[in-house]
Amino acid sequence: MIVADKKPIEEIIEVIGNHERVLIAGCNECVTVCESGGKKEVGVLASALRMYFLNNGRDVKIDEVTLERQCDHEYLEEIRERVDSYDAILSLACGVGVQFMAEKYTATPCYPGVNTCFLGATEERGVWTERCQACGSCILAVTGGICPVSRCAKRVLNGPCGGSTAGRCEISKETDCAWQLIVDRLKALGRMDDYETLADIKDWSTDRAGGPRKVVREDLRE
Amino acid sequence: MRLAYPPNIRIVRVPCTGKVDLLHIMRAFEKGADGVMVVGCLEGDCHYSQGNFRARKRVAQAQQLLDSVSIGGQRAQMFNLSSGEGPLFAQFAKEMTAKIIDMGPNPIKVDRDAA
Amino acid sequence: MNVKTPSKLEKILASGQLAVTSEVGPPRGSDPDAITRKAELIKDHVDAINITDNQTSVCRMCSLAACIRIKQMGLEPVLQMVTRDRNRIALQSDILGAASFDIANILCLSGDHQSFGDHASGQNVHDLDSMQLIQTVRRMRDDGQFLGGDEIRRPPSMFVGAAVNPFADPYEIRVPRLAKKIAAGVEFVQSQCIYNLDKFEQWLKEAEDRGLTEKVHILAGLTPMKSAGMARYMKNRVPGMDVPDDVVKRLADTPKEKQAAEGIKMCIESIQRLKENTAIRGFHIMAIEWEEKVSEIVEAAGLYPRPQVD
Numbered sequence: 265m266i267v268a269d270k271k272p273i274e275e276i277i278e279v280i281g282n283h284e285r286v287l288i289a290g291c292n293e294c295v296t297v298c299e300s301g302g303k304k305e306v307g308v309l310a311s312a313l314r315m316y317f318l319n320n321g322r323d324v325k326i327d328e329v330t331l332e333r334q335c336d337h338e339y340l341e342e343i344r345e346r347v348d349s350y351d352a353i354l355s356l357a358c359g360v361g362v363q364f365m366a367e368k369y370t371a372t373p374c375y376p377g378v379n380t381c382f383l384g385a386t387e388e389r390g391v392w393t394e395r396c397q398a399c400g401s402c403i404l405a406v407t408g409g410i411c412p413v414s415r416c417a418k419r420v421l422n423g424p425c426g427g428s429t430a431g432r433c434e435i436s437k438e439t440d441c442a443w444q445l446i447v448d449r450l451k452a453l454g455r456m457d458d459y460e461t462l463a464d465i466k467d468w469s470t471d472r473a474g475g476p477r478k479v480v481r482e483d484l485r486e
Numbered sequence: 012m013r014l015a016y017p018p019n020i021r022i023v024r025v026p027c028t029g030k031v032d033l034l035h036i037m038r039a040f041e042k043g044a045d046g047v048m049v050v051g052c053l054e055g056d057c058h059y060s061q062g063n064f065r066a067r068k069r070v071a072q073a074q075q076l077l078d079s080v081s082i083g084g085q086r087a088q089m090f091n092l093s094s095g096e097g098p099l100f101a102q103f104a105k106e107m108t109a110k111i112i113d114m115g116p117n118p119i120k121v122d123r124d125a126a
Numbered sequence: 040m041n042v043k044t045p046s047k048l049e050k051i052l053a054s055g056q057l058a059v060t061s062e063v064g065p066p067r068g069s070d071p072d073a074i075t076r077k078a079e080l081i082k083d084h085v086d087a088i089n090i091t092d093n094q095t096s097v098c099r100m101c102s103l104a105a106c107i108r109i110k111q112m113g114l115e116p117v118l119q120m121v122t123r124d125r126n127r128i129a130l131q132s133d134i135l136g137a138a139s140f141d142i143a144n145i146l147c148l149s150g151d152h153q154s155f156g157d158h159a160s161g162q163n164v165h166d167l168d169s170m171q172l173i174q175t176v177r178r179m180r181d182d183g184q185f186l187g188g189d190e191i192r193r194p195p196s197m198f199v200g201a202a203v204n205p206f207a208d209p210y211e212i213r214v215p216r217l218a219k220k221i222a223a224g225v226e227f228v229q230s231q232c233i234y235n236l237d238k239f240e241q242w243l244k245e246a247e248d249r250g251l252t253e254k255v256h257i258l259a260g261l262t263p264m265k266s267a268g269m270a271r272y273m274k275n276r277v278p279g280m281d282v283p284d285d286v287v288k289r290l291a292d293t294p295k296e297k298q299a300a301e302g303i304k305m306c307i308e309s310i311q312r313l314k315e316n317t318a319i320r321g322f323h324i325m326a327i328e329w330e331e332k333v334s335e336i337v338e339a340a341g342l343y344p345r346p347q348v349d
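Same order as they appear, the protein sequences are chains A, B and C.
Position in the first sequence counted from 1, then plus 264, gives you our numbering.
Position in the second sequence counted from 1, then plus 11, gives you our numbering.
Position in the third sequence counted from 1, then plus 39, gives you our numbering.
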């Protein structure tokens, strides 16, 4: 899922600026799972902001809504009737949702309330780690199911580098060396011979480097 | 036990302090409460095992959030006692009341009343 | 053994003699004297001089420019190239730039992560990794082709090297990694600096058992310790470095003002021990900011004068 983290409230207050009628929009999917932008977080943020503005002598209306997703037209349409009664939307969805919201309601400024961090998984409640960088050309079949593009700090495809120490990356003792994990997995799978196969030079044109990406499925289009 | 404790405490009963959510604490202040006490069982004695630990964490979250919007994080406090310790409850109530009187009323109440 | 490039280093190694290389770090500014001064200190005691490439991600004068200076002094540079900072276009481009000055040696590396240096908020590139860079240089040299397939006019003629680190984890793949680099096309390797001689010789033996020592020239890397403090720092704070306790102890037991001399002595002893090992084809002496000691080490280890080749 997409993992996001709350923006500091000071930053949110600054971005709201002089607006007087703000709709805080949460999302029921990824940001709910990583507890940064779901219904509960919307409620808590709204409450804190109302108290802040009251405390500063400002009359700011803060309303709340949580949509199923902010990356599909149908769900964003649900607020069409009420959107004009606000002069700003603070979206706690990931960067995709914020943008899709902004594209749909062009007359209303839409601000992000979370920092979108990465594609990842829940290791345990409160800990999320990156697993995928959407390179567009998945090589997990040859790396024992562990991705060096997202989990190696240098994305070496023929790793590990010379800085791997006790299974940890040179950048931090808290970061696993992806290549140690790959070697361990290849050993467990009895595929250590694969280790010596030189990895192909990667075609990064399907990655961010190639420009904003698009997937079209003609068989699905109406 | 008919012990005396300050009359400004409004009691909201919950089956376990684990039921108290961060949002409940925030809304209480939003509606003008000057302080919020979350009073749970002794640690290790929670009838539902982890409830009072969760409550403590949420009180800590509330303190941080309330500080960040200048309401005053110390207005939210966690207390632990056993249900047989009536006198201790009265003592906590007196301590909390004294602390809140010292901190003054909830600042948003002042502005709202003034507006 | 025939040679494939005009590299003096390759010639010496091909002749079966022990080679000696050392390293110079470019300045954090544009003063060319910073290079030439250091090179003067070591030029008669080494066969080739590595120029580091923004080592530890600290921004310095580029390796290519410094290599040109070295070449213009009539000396033999080794262009170190990390994949951290440049994409495949820039890497191939710089290789051609080096080749235009007839720089004949290249060392292909990944590079330390930028968080170690003074520009931790920068991007890193890693379009290719170090093994793929080895493949690239070989392709440019032997096939006369860019990675994209087009023909190169006056292809580079460079002797291709890489680094090896038998002390990094996991140990079990350190010999397979050497095999991989050889398969990628590497012709010489320089090791990370050695303090744990037993482990290094173990690695050499395993490499030898696989026949790898016949296929690549292995140069043993050595850095003299300046003090017990340096030994402790390298033991605890430098990733991929193996400094045994007895090395630290030997320095710690020496009076402070004599520790540097003891460190030099230990370095010389290591060379003398490794000279006996047939798998070793030379030494890479890294005495960064202590270049004046290289001559002393080379002479005391019986490696002076350096052979002349045409």
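Here a beta-carbon is modelled for each residue, glycine too, at the ideal position from N, C-alpha and C.
query: My guess is that residue 267 of chain A and residue 290 of chain A are in contact by the Cβ rule of under 8 Å, so how many angstroms apart are they, rounded?
result: As a first step, residue 267 of chain A is located in the first sequence; it is residue number 3 there, counting from the start. As a first step, residue 290 of chain A is located in the first sequence; it is residue number 26 there, counting from the start. That pair is no contact at about 16 Å.
- request: Give a yes or no on contact between the stretch 228-248 of chain C and the stretch 178-185 of chain C, applying the rule of three or more CB pairs nearer than 8 Å.
  value: no
- prompt: Would you say the stretch 70-88 of chain B touches the stretch 334-347 of chain A, given that touching needs at least three Cβ pairs under 8 Å?
  reply: no
task: Starting from the beta carbon of residue 381 of chain A, find every residue of chain C whose beta carbon is closer than 8 Å, and list them in chain order.
output: As a working note, residue 381 of chain A is residue 117 in the first sequence. Chain C residues near residue 381 of chain A: none, gap ~16 Å exceeds 8 Å.
- prompt: In whole angstroms, what separates the C-alpha of residue 329 of chain C from that of residue 338 of chain C?
  reply: Taking the first residue of the third sequence as position 1, residue 329 of chain C is located at position 290. Taking the first residue of the third sequence as position 1, residue 338 of chain C is located at position 299. Their Cα atoms are separated by approximately 16 Å.
- prompt: If we call anything under 8 Å between Cβ atoms a contact, is residue 201 of chain C one with residue 173 of chain C?
  reply: The residue you call residue 201 of chain C lines up with position 162 of the third sequence. The residue you call residue 173 of chain C lines up with position 134 of the third sequence. It is a contact, given that the beta carbons lie within the stated cut-off.
- request: Establish whether the CB of residue 422 of chain A and some CB of chain C are separated by less than 8 Å.
  value: Counting from one through the first sequence, the residue named residue 422 of chain A turns up at place 158. Closer than 8 Å: yes.
- prompt: CB-CB under 6 Å to residue 49 of chain B, same chain, minus the five flanking residues each way: which ones, in chain order?
  reply: The residue labelled residue 49 of chain B in the question sits at position 38 within the second sequence. Cβ neighbours of residue 49 of chain B beyond the five flanking positions: 28, 31, 66, 70, 89.
field: residue 97 of chain B (DSSP reduced to helix, strand or coil)
entry: One-based indexing of the second sequence puts residue 97 of chain B at position 86. Of the three classes helix, strand and coil, the one that applies to residue 97 of chain B here is helix, per DSSP.
- request: Would you identify the three-state DSSP class for residue 432 of chain A, choosing helix, strand or coil?
  value: Along the first sequence, one-based indexing puts residue 432 of chain A at 168. Strand.
message: By alpha-carbon positions, which one of C:308, C:272, C:291 ends up nearest to residue 236 of chain C?
response: Here residue 236 of chain C refers to the residue found at position 197 when the third sequence is read from its first residue. Here the closest residue by C-alpha is C:308.
query: Hey, which unbroken runs of the beta strand (DSSP E) at 3 residues or more fall wholly within the stretch 41-99 of chain C?
result: 58-63, 87-90
task: May I ask you to list, following chain order, the residues of the stretch 164-190 of chain C that have a beta carbon less than 9 Å from some beta carbon of chain A?
output: 165, 166, 167, 168, 169, 170, 171, 174, 175, 186
task: Would you kindly work out how many angstroms separate the C-alpha atoms of residue 457 of chain A and residue 213 of chain C, rounded to a whole number?
output: The count along the first sequence starts at 1 and reaches residue 457 of chain A at position 193. The count along the third sequence starts at 1 and reaches residue 213 of chain C at position 174. Each residue's Cα considered, the two are about 14 Å apart.
query: Would you call residue 338 of chain A buried or exposed, if buried means 16 or more other Cβ atoms sit within 10 Å of its Cβ?
result: Within the first sequence, the letter at position 74 stands for residue 338 of chain A. Exposed, since its Cβ has fewer than 16 Cβ neighbours within 10 Å.
message: Can you give me the C-alpha to C-alpha distance between residue 288 of chain A and residue 377 of chain A, rounded to a whole angstrom?
response: If you number the first sequence from 1, residue 288 of chain A lands on position 24. If you number the first sequence from 1, residue 377 of chain A lands on position 113. For residue 288 of chain A and residue 377 of chain A, the distance between alpha carbons rounds to 9 Å.
- request: Would you mind working out which of C:58, C:67, C:153, C:48 sits nearest residue 118 of chain C, comparing C-alpha positions?
  value: If you number the third sequence from 1, residue 118 of chain C lands on position 79. For the residues C:58, C:67, C:153, C:48, the minimum Cα distance to residue 118 of chain C belongs to C:48.
field: Residue from C:320, C:304, C:298, C:104 with nearest C-alpha to residue 247 of chain C
entry: The residue given as residue 247 of chain C occupies position 208 in the third sequence. For the residues C:320, C:304, C:298, C:104, the minimum Cα distance to residue 247 of chain C belongs to C:320.
- request: For residue 231 of chain C, go through chain A and note every residue whose CB falls closer than 7 Å to its CB, in chain order.
  value: Counted from its first residue, the third sequence places residue 231 of chain C at position 192. Here the neighbours are 426.
task: Give a yes or no on whether the minimum CB-CB distance between residue 315 of chain A and chain B is below 8 Å.
output: Taking the first residue of the first sequence as position 1, residue 315 of chain A is located at position 51. So, interface residue.
query: Between which two residues does the alpha helix (DSSP H) carrying residue 469 of chain A extend?
result: If you number the first sequence from 1, residue 469 of chain A lands on position 205. Residue 469 of chain A -> no alpha helix (DSSP H), and no H or E assigned at all.
message: Can you tell me whether residue 329 of chain C is helix, strand or coil according to DSSP?
response: Along the third sequence, read from residue 1 onward, the residue named residue 329 of chain C stands at position 290. Residue 329 of chain C falls in the coil class under three-state DSSP.
query: With DSSP run on the structure shown, which of helix, strand or coil describes residue 320 of chain A?
result: Taking the first sequence and counting its residues from 1, one reaches residue 320 of chain A at position 56. Coil, per DSSP.
- request: Tell me where the alpha helix (DSSP H) around residue 74 of chain B begins and ends.
  value: Reading the second sequence from its first residue, position 63 is the one you call residue 74 of chain B. From DSSP, the alpha helix (DSSP H) with residue 74 of chain B extends over 62-79.
- request: Verify the CB distance criterion: does residue 308 of chain A have a CB-CB separation below 8 Å to chain B?
  value: For the purposes of this step, residue 308 of chain A is taken as the residue at position 44 of the first sequence. Residue 308 of chain A counts as touching chain B.
- prompt: CA-CA distance, residue 145 of chain C and residue 134 of chain C?
  reply: Within the third sequence, numbered from 1, the residue matching residue 145 of chain C stands at position 106. Within the third sequence, numbered from 1, the residue matching residue 134 of chain C stands at position 95. In a straight line, the C-alpha of residue 145 of chain C is about 9 Å away from that of residue 134 of chain C.
- prompt: When DSSP labels each residue in this structure, what does residue 216 of chain C get in the three-state scheme?
  reply: The residue you call residue 216 of chain C lines up with position 177 of the third sequence. Of the three classes helix, strand and coil, the one that applies to residue 216 of chain C here is helix, per DSSP.
- prompt: Pick from C:195, C:100, C:226: whose alpha carbon is nearest that of residue 41 of chain C?
  reply: Walking along the third sequence from the start, residue 41 of chain C turns up at place 2. It is C:226.
Residues from the stretch 194-207 of chain C in contact with chain A, defined by Cβ distance under 7 Å: 202, 204, 207
task: Starting from the N-terminal side, write out each stretch of the alpha helix (DSSP H) that is 4 residues or longer and does not extend beyond the stretch 345-399 of chain A.
output: 359-368
message: Below 8 Å on the Cβ atoms is my contact criterion, and I expect residue 114 of chain B with residue 83 of chain B to pass it. Report the Cβ-Cβ distance as a whole number of Å.
response: Here residue 114 of chain B refers to the residue found at position 103 of the second sequence. Here residue 83 of chain B refers to the residue found at position 72 of the second sequence. Their Cβ separation, rounded to whole angstroms, is 6 Å, which keeps residue 114 of chain B and residue 83 of chain B in contact under 8 Å.
field: Distance, residue 280 of chain A Cα to residue 487 of chain A Cα
entry: Because chain A is modelled from 265 through 486, residue 487 of chain A falls outside the range shown and cannot be assessed.
query: Which of helix, strand or coil does DSSP assign to residue 288 of chain A?
result: For the purposes of this step, residue 288 of chain A is taken as residue 24 along the first sequence, with counting starting at 1. Three-state result, residue 288 of chain A: strand.
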